Structure formats: structure tokens, C-alpha cells
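Student: Sharing a structure, written as C-alpha cells. Questions coming.
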Amino acid sequence: MCQVFGVSRSGYYNWVQHEPSDRKQSDERLKLEIKVAHIRTRETYGTRRLQTELAENGIIVGRDRLARLRKELRLRCKQKRKFRATTNSNHNLPVAPNLLNQTFAPTAPNQVWVADLTYVATQEGWLYLAGIKDVYTCEIVG
58 MCQVFGVSRS GYYNWVQHEP SDRKQSDERL KLEIKVAHIR TRETYGTRRL
108 QTELAENGII VGRDRLARLR KELRLRCKQK RKFRATTNSN HNLPVAPNLL
158 NQTFAPTAPN QVWVADLTYV ATQEGWLYLA GIKDVYTCEI VG
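Reading the sequence shown from the start, the letters are residues 58 to 199 in the working numbering.
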């Protein structure tokens with residue numbers, strides 16, 4: 058096998074038995090610290106802020122080295138997304154009157170119902186989830 062690759066036998070065994078360099082060992086320790094800091098900062102810090110975060114914990118590392126190690130670990134920070142309003146109140150359609158006026162004190166079932174609508178992310182896309190609750194019995198009625 059050594060002849061095929063043009064390597065001496067002693068060279069191969071020397072390579073197999075060699076210890077990782079100090080820099081390599083240091084990088085492995087740093088990678089663990091970087092992973093922990095990345096999770097602790099909710100995966101939102103980039104290289105510069107992460108460098109400051111690590112320095113506050115007594116770990117001094119250069120920005121380029123930190124960037125290289127983050128790249129090796131495939132760590133990327135989450136991007137902020139622009140807020141997108143889902144309600145359009147700019148219309149001339151009739152608006153239902155507020156009959157309860159924040160007075161949620163029914164004396165019997167089926168007098169006061171409340172409803173809510175939300176979006177649920179699924180593998181197939183966004184789905185709507187609507188629920189109707191009887192305030193008196195606290196049961197879901199629809």
C-alpha cells in the first residue's frame with residue numbers, strides 16, 4: 058500500500074502515531090466553547106459579538122480564527138426577519154359592535170363565546186387554526 062502512494066513504511070507509521078499539534082488541540086477546545094456560546098446567545102451573535110462574549114468569559118480568540126472555526130462547525134447566526142402585518146384594517150366594511158365591552162361574566166352556558174384564530178406551520182405549508190370557547194364552562198365548542 059505504501060508503494061502505491063509513494064510513502065515509506067516508517068513515514069506511514071510515524072504519521073499514524075503522531076500526536077495532534079498544540080494548535081489543533083487548542084482549536085478542538087475552542088470549538089466546544091464556541092458551540093456553547095453560540096447556543097447561549099440564541100444563535101444570533103455574529104463573529105464580532107461572539108468574540109466579545111467569549112472574552113467576557115475569559116476566552117481570548119482572534120476574529121479570523123473564530124470565523125474559521127465557526128465555518129468549520131457550520132454555525133451561522135439567525136437573520137432577523139421583517140415584521141409583516143397580517144391584519145388589514147384599512148377598509149370601509151362594517152365592523153361588528155363590541156357587545157361584551159370586556160365584561161366576561163356569564164351566568165349560564167352558551168351566553169358568551171370567545172374565538173381566536175392562529176397560523177400553524179406544517180410541512181405542507183401554513184394552516185389556519187380557529188377555536189371557539191364557551192366562557193362559562195371553559196369548554197371548546199367549535
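All residues carry an ideal CB built from backbone N, CA and C; glycine is no exception. From a predicted model like this one, the values you see are computed outputs, not experimental measurements.
Rounded to a whole number of angstroms, what is the C-alpha to C-alpha distance between GLN194 and ASP173?
Tutor: Gln is not the amino acid found at residue 194; the sequence shown has Thr there. Rounded to the nearest angstrom, the two C-alpha atoms are 17 angstroms apart.
Student: Using a 10 Å radius around the Cβ and a threshold of 16 neighbouring Cβ atoms, would you call HIS17 buried or exposed?
Tutor: Lying outside 58 to 199, the shown extent of the chain, residue 17 is not represented and no answer is given.
Student: With contact counted as at least three CB pairs below 8 angstroms, one residue from each stretch, are the region 146-161 and the region 102-114 in contact?
Tutor: The answer is no - the region 102-114 does not touch the region 146-161, with fewer than three Cβ pairs under 8 angstroms.
Student: Report the option in THR164, ASP191, LEU132, THR143 whose CA atom is closest to the CA atom of GLU100.
Tutor: LEU132
Student: What is the DSSP secondary structure of VAL177, reduced to helix, strand or coil?
Tutor: VAL177 falls in the strand class under three-state DSSP.
Student: Could you compute how far the alpha carbon of ALA165 sits from the alpha carbon of VAL192?
Tutor: If you take the alpha carbons of ALA165 and VAL192, they lie about 9 angstroms apart.
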